[in-house]
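Here is the structure we will look at, set down as structure tokens.
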Amino acid sequence: NAGVMQNPRHLVRRRGQEARLRCSPMKGHSHVYWYRQLPEEGLKFMVYLQKENIIDESGMPKERFSAEFPKEGPSILRIQQVVRGDSAAYFCASSPTGSDTQYFGPGTRLTVL
Amino acid sequence: AQKITQTQPGMFVQEKEAVTLDCTYDTSDQSYGLFWYKQPSSGEMIFLIYQGSYDEQNATEGRYSLNFQKARKSANLVISASQLGDSAMYFCAMRHIWAGTALIFGKGTTLSVSS
Chain A
1 NAGVMQNPRH
11 LVRRRGQEAR
21 LRCSPMKGHS
31 HVYWYRQLPE
41 EGLKFMVYLQ
51 KENIIDESGM
61 PKERFSAEFP
71 KEGPSILRIQ
81 QVVRGDSAAY
91 FCASSPTGSD
101 TQYFGPGTRL
111 TVL
Chain B
114 AQKITQTQPG
124 MFVQEKEAVT
134 LDCTYDTSDQ
144 SYGLFWYKQP
154 SSGEMIFLIY
164 QGSYDEQNAT
174 EGRYSLNFQK
184 ARKSANLVIS
194 ASQLGDSAMY
204 FCAMRHIWAG
214 TALIFGKGTT
224 LSVSS
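Protein chains in written order, with my numbering: chain A, 1 to 113; chain B, 114 to 228.
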């Protein structure tokens with residue numbers, strides 16, 4: 001059973017470009033969470049999604065950031081017009097219905113030049 | 114507001130010794146779960162152990178055990194017989210039991226194991 005998959009593992013963007021981060025949850029998991037980790041910090045929650053629905057986006061910046069989890073395909077975290085402060089590791093986690101445990105992917109390290 | 118505090122930025126231990134990583138939490142809710150994750154230098158987040166707030170027994174997973182003291186709101190991780198591969202950052206986290214809520218993380222403790 002494959003774990004949570006994230007790609008790309010590393011992403012370099014120039015200021016003003018768009019970044020698209022992908023997450024495929026573990027098989028059978030219908031809950032997806034996105035977290036951001038700044039250097040020397042713990043992870044901070046961004047958004048929680050189920051298929052085709054955003055359940056909780058209380059941690060998402062109000063502008064430039066969006067997330068989706070379509071009926072088919074991976075969950076996408078999209079950052080428009082990136083700035084240097086967006087440089088961070090972005091982690092996706094998934095969990096099955098009825099479980100408290102979230103299993104994390106390897107993360108995408110975004111560097112904004 | 115919910116909060117996780119890890120007061121030890123770094124810990125050092127010799128191989129084969131036991132080590133305790135501290136974690137205290139703050140919440141007014143009665144139903145919650147406590148988690149420990151390991152982040153090695155390669156960067157992935159590895160789930161180690163879970164404790165539910167209503168669990169009467171301390172959780173154990175192999176060499177990992179969680180010393181849960183509910184009245185003191187502490188959930189310390191104990192690693193027995195440390196190995197060199199245990200060198201990593203360790204994060205304590207909490208979430209409320211109702212499905213779908215976010216994990217709240219502490220700032221982490223860096224553990225260094227020497228031979």
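Note that beta-carbon positions come from the ideal geometry of N, C-alpha and C, so glycine has one too.
Three-way DSSP call (helix, strand, coil) for B:GLY165 in this model | Looking up residue 165 of chain B in the second sequence gives position 52. Of the three classes helix, strand and coil, the one that applies to B:GLY165 here is strand, per DSSP.
If you run the structure through DSSP and keep just helix, strand and coil, what is B:LEU197?
-> As a first step, residue 197 of chain B is located in the second sequence; it is residue number 84 there, counting from the start. When secondary structure is reduced to three states using DSSP, B:LEU197 falls in the helix class.
Going along chain B, which residues have a C-beta under 9 Å from A:ALA89?
-> Residue mapping note: residue 89 of chain A aligns to position 89 of the first sequence, counting from 1. Residues of chain B passing the Cβ test: GLY156.
Taking any Cβ of chain B, which residues in the stretch 35–46 of chain A have a Cβ under 7 Å from it, in chain order?
-> The residues in question are GLU41, GLY42, LEU43 and PHE45.
Residue burial classification, A:LYS51 (beta-carbon count within 10 angstroms, cutoff 16) | Taking the first sequence and counting its residues from 1, the one referred to as residue 51 of chain A is at position 51. Of the residues assessed, A:LYS51 falls on the exposed side of the cut-off, its CB having fewer than 16 other CB atoms within 10 angstroms.
Starting from the N-terminal side, write out each stretch of the beta strand (DSSP E) that is 3 residues or longer and does not extend beyond the stretch 132–159 of chain B.
-> 132–134, 137–139 and 145–152, all fully within the stretch 132–159 of chain B.
Cβ atoms of B:TYR163 and B:PHE148: under 7 Å apart, would you say?
-> Along the second sequence, read from residue 1 onward, the residue named residue 148 of chain B stands at position 35. Along the second sequence, read from residue 1 onward, the residue named residue 163 of chain B stands at position 50. Taking 7 Å as the Cβ cut-off, B:PHE148 and B:TYR163 qualify as a contacting pair.
Start and end of the beta strand (DSSP E) containing A:GLU68?
-> If you number the first sequence from 1, residue 68 of chain A lands on position 68. Residue range 65–68 is occupied by the beta strand (DSSP E) that includes A:GLU68.
Would you say A:THR111 faces chain B, with C-beta separation under 7 Å as the test?
-> Working through the first sequence from its first residue, we reach residue 111 of chain A at position 111. Closer than 7 Å: no.
Determine the DSSP secondary structure at A:ARG84, reduced to helix, strand or coil.
-> For this step, residue 84 of chain A is matched to residue 84 along the first sequence. Three-state result, A:ARG84: helix.
Buried or exposed: A:LYS62, going by 16 or more other Cβ atoms within 10 Å of its Cβ?
-> Taking the first residue of the first sequence as 1, we reach residue 62 of chain A at position 62. So A:LYS62 counts as exposed.
Below 8 Å CB to CB, which residues in the same chain sit around A:ASN53 once its five sequence neighbours on both sides are set aside?
-> The residue labelled residue 53 of chain A in the question sits at position 53 within the first sequence. So the list reads PHE69, once near-sequence residues are dropped.
Mind listing which residues of the stretch 213–227 of chain B have their C-beta closer than 8 Å to chain A's C-betas, in chain order?
-> Residues of the stretch 213–227 of chain B whose Cβ lies closer than 8 Å to any Cβ of chain A, in chain order: GLY213, THR214, ALA215, LEU216, ILE217, PHE218, GLY219, LYS220 and GLY221.
Answer yes or no: does any C-beta atom of chain B fall closer than 7 Å to that of A:GLY3?
-> As a first step, residue 3 of chain A must be located in the first sequence, where it is residue number 3. Not one chain B Cβ lies under 7 Å of A:GLY3.
Could you say which of A:PRO74, A:PHE45, A:GLN81 and A:SER94 lies nearest to A:MET60 if we only look at CA atoms?
-> On the first sequence, residue 60 of chain A is found 60 positions in, with the first residue counted as 1. Minimum Cα distance to A:MET60 is reached at A:PHE45.
Please state if the CB of A:HIS29 and the CB of A:SER95 are separated by a distance shorter than 7 Å.
-> Here residue 95 of chain A corresponds to residue number 95 of the first sequence, with the count starting at 1. Here residue 29 of chain A corresponds to residue number 29 of the first sequence, with the count starting at 1. Note that the C-beta distance between A:SER95 and A:HIS29 is below 7 Å.
Quick one: residues in its chain with C-beta nearer than 7 Å to the C-beta of A:GLN80, no 5 flanking neighbours on either side, listed in chain order?
-> Here residue 80 of chain A corresponds to residue number 80 of the first sequence, with the count starting at 1. These residues qualify, in order along the chain: GLU18 and ARG64.
Give a yes or no on whether the C-beta atoms belonging to A:GLY105 and A:CYS92 are separated by under 7 Å.
-> Counted from its first residue, the first sequence places residue 105 of chain A at position 105. Counted from its first residue, the first sequence places residue 92 of chain A at position 92. A contact, by the Cβ cut-off of 7 Å.
When you compare only the Cα positions, how much space is there between A:GLU41 and B:GLN170?
-> Position 41 of the first sequence, counting from 1, holds the residue named residue 41 of chain A. Position 57 of the second sequence, counting from 1, holds the residue named residue 170 of chain B. If I take the Cα positions, the gap works out to 31 Å.
What residues in the stretch 157–175 of chain B have a beta carbon less than 9 Å from any beta carbon of chain A?
-> Those would be GLU157, MET158, ILE159, PHE160, TYR163 and GLY165, in chain order.
Looking at the unbroken beta strand (DSSP E) that takes in B:VAL191, where does it start and where does it end?
-> Mapped onto the second sequence, residue 191 of chain B falls at position 78. Its beta strand (DSSP E) spans residues 187–192.
Should A:VAL83 be labelled buried (16 or more other beta-carbon atoms within 10 Å of its own) or exposed?
-> Numbered from 1 along the first sequence, position 83 holds the residue referred to as residue 83 of chain A. When all chains shown are included, A:VAL83 counts as exposed.
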